[in-house]
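Working notes for the structure below.
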């Protein structure tokens, strides 16, 4: 099992550019999540999904979009990148049964200049 | 939503014990998790409490009091590799986690 994989590891974007952060899990988990982590701050939930075809907003969804066409993949789309989106992005997945701990991907470090 | 508070930093000596406290205010509590995050890496799961009491897992233990909105993570026999950030997270009934800002533990020789 590769677990949760994310690409790319690093990316530099110019203001106004767009990009997609890829996330794939091979554990057949129903639940998938996208977080951002800023220095000295906790992880903030951007979007989550409870299964293929179902997505919902988290705490900080503005400027982002997601889709979940398969159980395995949960890409995060940034449209019109802004400096405020400079952050480390983590994708995670979990089973919907107890204890339901989340497994995290290695993260994508994004800089918008 | 959830308000989750934990200390910013703690320092301890190798071989010692450290207790990291976490207090929370929540709507729809459905479990409390502790994660470990080394610098530049992803968080990894440490422990889970959903009922009151102590859960022990090797050198790590976690305690929960739902009536007090309080948890702690106890790290025993500290090792240098335990230097990391420890994240307290509360889960709601939609299976979403809210994280505290994390406690950076530095273990000194």
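Chains as they are written, first to last, in this note's numbering: chain A, 1 to 113; chain B, 1001 to 1109.
C-beta: ideal position from N, C-alpha, C; glycine also.
Beyond the five residues adjoining it in sequence on each side, residue 1035 of chain B comes within less than 7 angstroms, by CB distance, of 1043, 1044, 1045, 1046, 1087, 1089 in the same chain, given in chain order. In the structure shown, residue 1061 of chain B falls within a strand segment according to DSSP collapsed to helix, strand and coil.
Here residue 1010 of chain B is bridged, per DSSP, to B:1105. At least one CB of chain A lies nearer than 7 angstroms to the CB of residue 1096 of chain B. In the DSSP assignment, residue 31 of chain A falls within the beta strand (DSSP E) that extends over 31-37. Identification of chain B residues near residue 45 of chain A by a Cβ-Cβ cut-off of 8 angstroms yields 1096, 1097, 1098, ordered along the chain.
For residue 1054 of chain B, no chain A residue has a C-beta closer than 7 angstroms to its own C-beta; the minimum C-beta separation is roughly 16 angstroms. Beta-bridge annotation (DSSP): residue 4 of chain A is paired with A:25.
Counting of Cβ neighbours within 10 angstroms places residue 32 of chain A among the buried residues, the total reaching 16 or more. Rounded to whole angstroms, the separation of the alpha carbons of residue 1068 of chain B and residue 1030 of chain B is 15 angstroms. Residue 108 of chain A and residue 1009 of chain B have their C-alpha atoms some 25 angstroms from each other. Chain-order list of chain B residues neighbouring residue 51 of chain A: empty, with the shortest C-beta distance near 11 angstroms, by a criterion of under 9 angstroms. For residue 19 of chain A, the closest alpha carbon among the candidates A:102, A:45, A:89, A:94 is that of A:89. With a contact defined as Cβ atoms closer than 8 angstroms, residue 66 of chain A and residue 76 of chain A qualify at about 6 angstroms. At least one beta carbon of chain B lies nearer than 7 angstroms to the beta carbon of residue 104 of chain A. The beta carbon of residue 1060 of chain B sits no closer than 7 angstroms to any beta carbon of chain A.
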